[in-house]
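Peer 1: In terms of my numbering, the sequence shown opens at residue 699 and continues consecutively. Sharing a structure here in structure tokens format.
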Amino acid sequence: MAKFIFVTGGVTSSLGKGLTSASIGLLLEAHGFKVAHQKLDPYINVDPGTMSPYQHGEVYVTDDGAETDLDLGHYERFTHASLTKHSNYTTGKIYSGVIAKERRGDYLGKTVQVIPHITDEIKAGIRRAADGADVLICEIGGTVGDIEGLPFLEAIRQFALEAGRENTAFVHLTLLPFLRASGELKTKPSQHSVQKLREIGVQPDVLVCRTEHPISEEIRQKLSLFCNVPLKAVIEECDVAFSIYEVPQMLTEQGLDRLLLDRLGLRSEGARLDDYHTLLDVIRNPRGQVEVALVGKYIALTDAYKSVYESITHGGFASQVKVRVRRVQAEDVRPENVGELLSGVHGIVVPGGFGSRGIEGKIEAIRWARETGTPFFGLCLGMQCATIEVARHLAGLDAAHSTEFDPDTPHPVIDLMADQKGLEKGGTMRLGAFRCALRAGTRSRAAYGDETIHERHRHRYEFNNAYRERLEAAGLVIGGTNPERDLVEIVELRDHPWFVGVQFHPEFKSRPTAPHPLFRDFIAAALRHQESGVGSSS
Ligand code: GLN
């Protein structure tokens, strides 16, 4: 039977529970265990698919096409856990499951209640996610004390009772605020948060403390006493100076992995962390730096393009360089200022997105990348914009556009497929992993070193095959297609150092220890561009 680790958070939101959960996963894998990850989100939306990136950050997509919380990205980047639609449950999803059963008559006329029906549904979801794994690490979203989180906390309390306390560990992440006036770290909010948890019947085994300053022995003792956790189970998680990838190191140095293994009765000869240590070495000793621009719509909030930023960083790891990202608001980009806004960058990324805001700016940035020979990488909408750019400026189709933004365009180079037209919006999205056959002699084929690949999708519009010949004649190279439906998946430019647009989202499959081939090659091209001195402002 699997073992279960539940991660809760107290005092404030955004403490980095996802990162801590993922770090625990990385360490347990290093001890040889098969881990699974899950996130339980207390909000009522059935999934984050329809939420604004401003509210919720990026929507992370799994192979099986689930639209999930971005914390799942951390899990996949840090571990080999395979995530599915069972890896993320929201209150909305749990309730809609229960309500559907009630309507079908499954409850045989009983009164349907939070306890036991909602909590049973949650527990069933937890068990399902642990299927085939040695350890499930289950993160509860939100903060202890929130009204909407209660059913989840109640469910994990019951879960420990059923699965056995020896098979369950509770990790509570908390914040120690630093009071400048008195120059001390305060433990009271953590005490209160643990009190709240204990009221529900959950006693944490481990307290992970987010802090700006190292915790003194005295503070440790205080936390141990008031929160009822052993002294050695008070773990410090100091603000990481360098990189999020240092968190596992910090936790294992304090023995968190050993503590959890002992708690769960798991035996290990020790952790194999060679790959991880090599990674830390690369991160700590970059041999150079490049700068790339990200021209997007949700620039103000880093979470909105979380996986894209991470993948760019990973691309840098492959060349052992640090990558600075210049965030450029697409709406601000115009023909008269594009050179100024992008001057000195060694590469340009246009990420995915929906809605027309900033589209012309993205197209302008792509034109600049093409004309100046600056490496360009377009992701989903970025690929569609590249297609429009080439159509307008190389193929002479002046008013070419996507019907998403101009339904009456005379040249719909990006369009809905015939079978999607007339359907409701919700049902038409192409979601999850699809096959793509790569064309010999292309940059994509060189990057992957493979003929067939699988990549994740989340979009509605497609490259319009009616324009294929015309655009190819203008210099566009079709780098890859989906063989089942003959859909264009990759476009490239023939006469350009590195210009690749992909209809899918490669950023969901990049890992620090295995950078995605396209991000790897894009950063390598950026490095070459820098070394050639072309377009350099300095
Ligand atoms: N809006 C575009 C579409 O629906 C692109 C989506 C995306 O970039 N994820 O096809």
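C-beta: ideal position from N, C-alpha, C; glycine also.
Let me know if A867 comes out buried or exposed under the rule of 16 or more other beta-carbons within 10 Å of its beta-carbon.
Peer 2: buried
Peer 1: Between which two residues does the beta strand (DSSP E) holding V988 run?
Peer 2: 987 to 994
Peer 1: Cα separation between D804 and T1101?
Peer 2: 45 Å
Peer 1: When you compare only the Cα positions, how much space is there between S1236 and L992?
Peer 2: Bear in mind that a pLDDT of 41 at S1236, under 50, signals an unreliable position, so the model cannot answer this.
Peer 1: Ignoring anything shorter than 4 residues, give me the alpha helix (DSSP H) runs that lie fully in the segment 1089 to 1152, in order along the chain.
Peer 2: 1141 to 1146
Peer 1: I need the straight-line Cα distance from R1068 to G1178, nearest angstrom please.
Peer 2: 20 Å
Peer 1: Just to check, is the beta-carbon of R1156 closer than 7 Å to a non-hydrogen atom of the ligand GLN?
Peer 2: yes
Peer 1: State the DSSP-derived secondary structure class of R1025, mapped to helix, strand or coil.
Peer 2: strand
Peer 1: Would the segment 783 to 794 count as touching the segment 1014 to 1034 if we require 3 or more Cβ pairs under 8 Å?
Peer 2: These segments do not touch.
Peer 1: Tell me which same chain residues have a C-beta within less than 7 Å of the C-beta of D769, skipping the five on either side of it?
Peer 2: G716, K737, E837
Peer 1: In this structure, how does DSSP classify V890 when only helix, strand and coil are distinguished?
Peer 2: For clarity, residue 890 is His in the given sequence; the question names Val instead. Helix at H890.
Peer 1: Would you say I1010 and F1217 are within 8 Å of each other, going by their C-beta atoms?
Peer 2: yes
Peer 1: Using CA coordinates, which residue listed in D829, G1231, R908 is at the minimum distance from G708?
Peer 2: Nearest C-alpha to G708 among D829, G1231, R908: R908.
Peer 1: Can you round the beta-carbon distance between V904 and L954 to whole angstroms, since I take them to be within the 8 Å contact cut?
Peer 2: 7 Å
Peer 1: What are the start and end residues of the alpha helix (DSSP H) that includes A1067?
Peer 2: 1057 to 1070
Peer 1: From the DSSP output, in three-state form, read off V744 for me.
Peer 2: Note: V744 maps to coil in three-state DSSP.
Peer 1: At which residue ranges does the segment 817 to 866 contain complete alpha helix (DSSP H) runs of 4 or more residues, listed in the order of the chain?
Peer 2: Considered as a whole, the segment 817 to 866 harbours 817 to 827, 848 to 861 as its complete alpha helix (DSSP H) runs of no fewer than 4 residues, in chain order.
Peer 1: I need the DSSP call for G755, collapsed to helix, strand or coil.
Peer 2: coil
Peer 1: If you pair each beta-carbon of the segment 838 to 858 with each one of the segment 732 to 747, do three or more pairs fall below 8 Å?
Peer 2: Under the 8 Å Cβ criterion, the segment 838 to 858 counts as touching the segment 732 to 747, having at least three qualifying pairs.
Peer 1: Among all the DSSP beta bridges, which residues are the ones paired with V1047?
Peer 2: L992, F1075
Peer 1: Got a sec, what are the start and stop residues for the beta strand (DSSP E) E935 sits in?
Peer 2: 932 to 936
Peer 1: With 16 as the cutoff for other CB atoms within 10 Å, does Q1228 come out buried or exposed?
Peer 2: buried
Peer 1: Go to Y974, then tell me how far its alpha helix (DSSP H) extends in each direction, as first and last residue.
Peer 2: 972 to 982
Peer 1: Return the CA-CA distance between I1061 and R1055, expressed in angstroms with no decimal places.
Peer 2: 12 Å
Peer 1: Using only the alpha-carbon positions, how far apart do S914 and L949 sit?
Peer 2: Between S914 and L949, the C-alpha separation is close to 17 Å.
Peer 1: Report the partner residues of D739 according to the DSSP bridge assignment.
Peer 2: T788
Peer 1: Just to confirm my understanding: we take H1091, look at its own chain, exclude 5 residues before and 5 after, and list those with CB closer than 7 Å. What are they?
Peer 2: If we look at H1091 and ignore the five residues flanking it on each side, its Cβ neighbours are R1065.
Peer 1: If you pair each beta-carbon of the segment 748 to 762 with each one of the segment 790 to 807, do three or more pairs fall below 8 Å?
Peer 2: no
Peer 1: Let me check one thing: in DSSP terms, what residues is F1052 bridge-paired to?
Peer 2: DSSP, once it has assigned bridges, lists no residue as partnering F1052.
Peer 1: Considering only heavy atoms of the ligand GLN, does any lie closer than 7 Å to the CB of L1079?
Peer 2: yes
Peer 1: Between E967, K791, P1049, I1176, which lies nearest to V697 when the distance is taken from Cα to Cα?
Peer 2: Look at the range of the chain in this structure, 699 to 1236, and you will see that residue 697 is not part of it.
Peer 1: Cβ of F1052 within 7 Å of any heavy atom in the ligand GLN?
Peer 2: yes
Peer 1: Hey, would you say the C-beta of E1102 is under 7 Å away from at least one heavy atom of the ligand GLN?
Peer 2: E1102: yes, Cβ under 7 Å from the ligand GLN.
Peer 1: Which of helix, strand or coil does DSSP assign to R1158?
Peer 2: coil
Peer 1: On the CB-based measure, 16 or more other CB atoms within 10 Å of its CB, does S712 come out buried or exposed?
Peer 2: Exposed, because fewer than 16 other Cβ atoms sit within 10 Å of the Cβ of S712.
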